[in-house]
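J.: First the structure, which I've put down as structure tokens, then a few questions once you've had a look.
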Amino acid sequence: MMIKTAIAGASGYTGLELVKLISNHPKASLEAVTSNSYQGKAFTDIFPSMRGFESLVCTPFDAVALSSKVDVVFLALPHKVSMAFAPKLIDQGIKVIDLSADFRFDDAKAYESVYQPHTAPKLLEESVYGLCELNRDRIRSARIIGNPGCYPTSILLPLVPLLKEKLISPQGLISDSKSGVSGAGRSLSLTTHFCEVNESFGPYKVGNHRHTPEINEVLTKAAGEAVSLTFVPHLVPVTRGMVSTIYAQTCKNVAENQIREALNKWYENEPFIRILPPNKFPNISHVKGTNCCDIGFHLEPESGRLILVSGIDNLLKGAAGQAVQNMNIMFDIDEEAGLDWVQTPL
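Structure (structure tokens):
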């Protein structure tokens with residue numbers, strides 16, 4: 002049986018990646034794409050690269066109409082918009098995978114500290130944070146998933162196992178993260194114009210990036226106590242890809258082999274997590290077009306400072322790929338289905 006899907010907000014970069022993945026998925030079909038900006042237009046008029054692969058026309062969002070067509074809807078919508086759409090879908094018996102921040106938090110107050118008052122707090126309480134490798138059991142039975150952000154994915158996957166194993170201190174954590182420009186979305190913005198980005202590099206939203214509370218909430222649960230994280234994001238002049246360099250202080254007498262053993266224990270059976278050999282570190286070009294997260298590390302023996310480096314494709318493991326992985330888990334099919342290939346050429 003095929004999983005019938007729809008994508009709301011299909012005209013953005015993440016929406017395009019979802020269309021590509023579902024079009025190539027052996028167990029899922031794409032029944033509808035919605036877009037308020039492009040309703041009535043063929044999807045291939047928005048993204049000509051999909052000519053010959055998709056023939057759908059963008060329609061306005063209608064939860065009742067979708068209820069007779071689909072099993073699950075991907076909400077590739079802006080933050081603060083999804084919370085108006087998700088309850089209507091749930092009421093129609095449709096599962097939801099939300100790629101905005103609207104259903105990522107356990108605590109409505111944490112969400113509201115960054116965004117706005119939450120209009121579906123009961124559904125927020127029910128939602129499951131969709132970091133697949135760390136939350137698989139809850140994802141299986143969920144009706145609604147809050148798909149993690151790209152920066153949080155790149156930071157949480159290396160840190161959570163080490164905090165849970167009490168190998169690193171929850172205090173003084175630093176993440177120096179770099180993202181390709183597609184992470185800013187497809188909407189027009191001066192800061193992402195070619196002449197502003199090309200041959201340029203620098204930090205942005207230092208000290209007030211909206212992903213910080215999301216990261217802190219998950220790390221605090223993993224550590225069992227409050228964490229202290231300094232997160233500094235940077236924009237680099239590439240289309241896609243993300244690397245986070247994370248600094249942590251190890252607990253007393255922790256050796257490098259203990260770090261490797263812990264990461265291997267948590268991830269050795271995970272198809273999309275690649276723990277790199279000693280002295281090897283992630284590179285954007287090695288993860289681009291994949292649903293993989295590469296993790297490398299180095300421990301400074303004198304200081305006990307651990308340097309973790311993670312790399313993901315922000316549009317795949319950081320968004321659409323992880324969303325499809327969540328769908329696979331929710332519907333109890335092969336978790337690698339539709340994701341076990343590299344879609345971006347050199």
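So for the sequence shown, our numbering puts the first residue at 2; every next one is plus one.
Note that the Cβ used here is the ideal one computed from N, Cα and C, for glycine as well.
(1) With 16 other CB atoms within 10 Å as the buried threshold, where does Asn148 fall?
(2) Take every Cβ of the region 243–261, pair it with every Cβ of the region 202–222, and state whether three or more of those distances are shorter than 8 Å.
(3) Does the beta-carbon distance from Phe48 to Leu90 come in below 8 Å?
(4) Thinking Ile95 and Asp72 are a contact (beta carbons under 8 Å), I'd like their distance in whole angstroms, please.
(5) Quick one: Cα of Lys42 to Cα of Ser188, how far?
(6) Is Thr15 closer than 8 Å to Ala338 when the C-beta atoms are compared?
(7) Consult DSSP for Pro61 and reduce its assignment to one of helix, strand or coil.
(8) Apply the 10 Å Cβ neighbour rule to Met289 and answer buried if 16 or more other Cβ atoms are within range, or exposed otherwise.
(9) Report the three-state DSSP secondary structure of Lys179 (helix, strand or coil).
(10) Using the rule of at least 16 other Cβ atoms within 10 Å of the residue's Cβ for burial, across every protein chain shown, is Met328 buried or exposed?
(11) Taking contact to mean 3 or more Cβ pairs, one atom from each stretch, closer than 8 Å, check whether the region 291–305 and the region 153–161 are in contact.
(12) Can you confirm whether the region 49–61 touches the region 20–33 when touching is taken to mean that 3 or more C-beta pairs between the two stretches lie within less than 8 Å?
(13) Beta-carbon separation of Val233 and Val207 under 8 Å?
(14) Around the Cβ of Ser56, are there at least 16 other Cβ atoms within 10 angstroms (buried) or fewer (exposed)?
(15) Just verifying my parser: in three-state terms, what is the DSSP assignment at Phe44?
(16) Would you kindly check if the distance between the Cβ of Gly322 and the Cβ of Asn292 is under 8 Å?
(17) So who's on the other strand from Ala33, going by DSSP bridges?
(18) Comparing alpha-carbon positions, which option in Phe332, Ala324, Ile330, Lys5 lies nearest Leu100?
(19) Could you check what DSSP says for Phe86 in three-state terms: helix, strand or coil?
(20) Rank Leu309, Ala185, Glu271 by C-alpha distance to the C-alpha of Lys281 and give the top, closest one.
(21) Quick check: the region 103–120 against the region 78–87, are at least 3 beta-carbon pairs closer than 8 Å?
(22) Got a sec? Which residues, its chain only, sit under 6 Å from Val198 by beta carbon, not counting five neighbours each side?
(23) Should Tyr268 go down as buried or exposed, given a rule of 16 or more other Cβ atoms within 10 Å for buried?
(24) How far does the beta strand (DSSP E) with Ala249 in it reach, from first residue to last?
(25) With DSSP as the reference, label Thr291 as helix, strand or coil.
(26) Using DSSP's beta-bridge definition, name the partner residues of Ser311.
(27) Beta carbon of Ile140, beta carbon of Gly131: below 8 Å?
(28) Less than 6 Å between C-beta atoms, sequence neighbours within five positions excluded: which residues of the same chain meet that for Gln93?
(29) Quick check: the Cα distance between Leu307 and Arg105, rounded to an integer number of angstroms?
(30) How close, in whole Å, do the beta carbons of Lys28 and Ile334 come, if the pair is a contact with beta carbons under 8 Å?
T.: So, from the data block:
(1) buried
(2) no
(3) no
(4) 7 Å
(5) 18 Å
(6) no
(7) coil
(8) The sequence shown places Lys at residue 289, not Met. It counts as buried.
(9) strand
(10) buried
(11) yes
(12) yes
(13) yes
(14) exposed
(15) helix
(16) yes
(17) Ala7
(18) Ala324
(19) helix
(20) Leu309
(21) yes
(22) Val182, Pro238
(23) buried
(24) 243–250
(25) coil
(26) Ser245, Ile296
(27) yes
(28) Ala64, Ser68
(29) 28 Å
(30) 5 Å
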